[in-house]
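Read through the structure below, which is laid out as structure tokens, and then see the notes.
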Amino acid sequence: MPRLTVGDLAPDFTLPTADGGSVTLSDLRGQHVVVYFYPAAMTPGCTKQACDFRDSLASLQGAGYAVVGVSPDPVDKLAKFAEQDALTFPLASDPERSVLEAWGAYGEKSLYGKTVTGVIRSTVVVDPEGRVELAQYNVKATGHVAKLRRDLGIA
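Residue numbers for the sequence shown follow the numbering used here, beginning at 1310 and rising by one.
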């Protein structure tokens, strides 16, 4: 799967969210958007990463960044995840993996030394005009949000 690079136009999407609504990327134009892709709600690494985004949300929003999490999980599982961990940013469901694939966040990866096909933990920052500002693939769940904040110059 091709990956997005800086300057690419971010593929638009509309996906259902954990709160029963939906999120459309183009509706968020005019602000920076952190779109992060994770393999599975309520697993240790994904929970750690989501809670790191939750705990950093005020500073990210204060710097003009919205956050959207995307996984192939069904909406009902995402709703439980959001409730269990008090996640207040949109968690979007992509069970067909069409957005994951379009953004280069689904494909072959190495897992415990074996090549498997699945969600590639990734973060893409979209600028206010809808172009890729930063694209990071195969990120670590732990410490990623702190590194992202440093990369974006957000204290």
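Think of the CB as a built atom: it goes at the ideal place given N, C-alpha and C, for glycine as much as any other residue.
- In this structure the region 1325–1333 does not touch the region 1416–1435; the number of beta carbon pairs closer than 8 angstroms is below three.
- Shown here, residue 1340 sits in coil according to DSSP, grouped into three states, outside any helix or strand.
- Annotation: residue 1463 to residue 1411 spans about 28 angstroms, alpha carbon to alpha carbon.
- CA-to-CA, the gap between residue 1396 and residue 1337 works out to about 19 angstroms.
- The C-beta of residue 1419 has fewer than 16 other C-beta atoms within 10 Å across all chains shown, which makes the residue exposed.
- With fewer than 16 other CB atoms across the displayed protein chains lying within 10 angstroms of its CB, residue 1459 is exposed.
- Residue pairing by DSSP places residue 1358 opposite no residue, since no beta bridge is assigned to it.
- It is roughly 16 angstroms from the alpha-carbon of residue 1428 to the alpha-carbon of residue 1422.
- Approximately 20 angstroms separates the beta-carbon atoms of residue 1409 and residue 1454; this is outside 8 angstroms, ruling out the contact.
- Look at residue 1392 here: in three-state DSSP terms it is helix.
- A direct Cα-Cα distance of roughly 8 angstroms separates residue 1329 from residue 1384.
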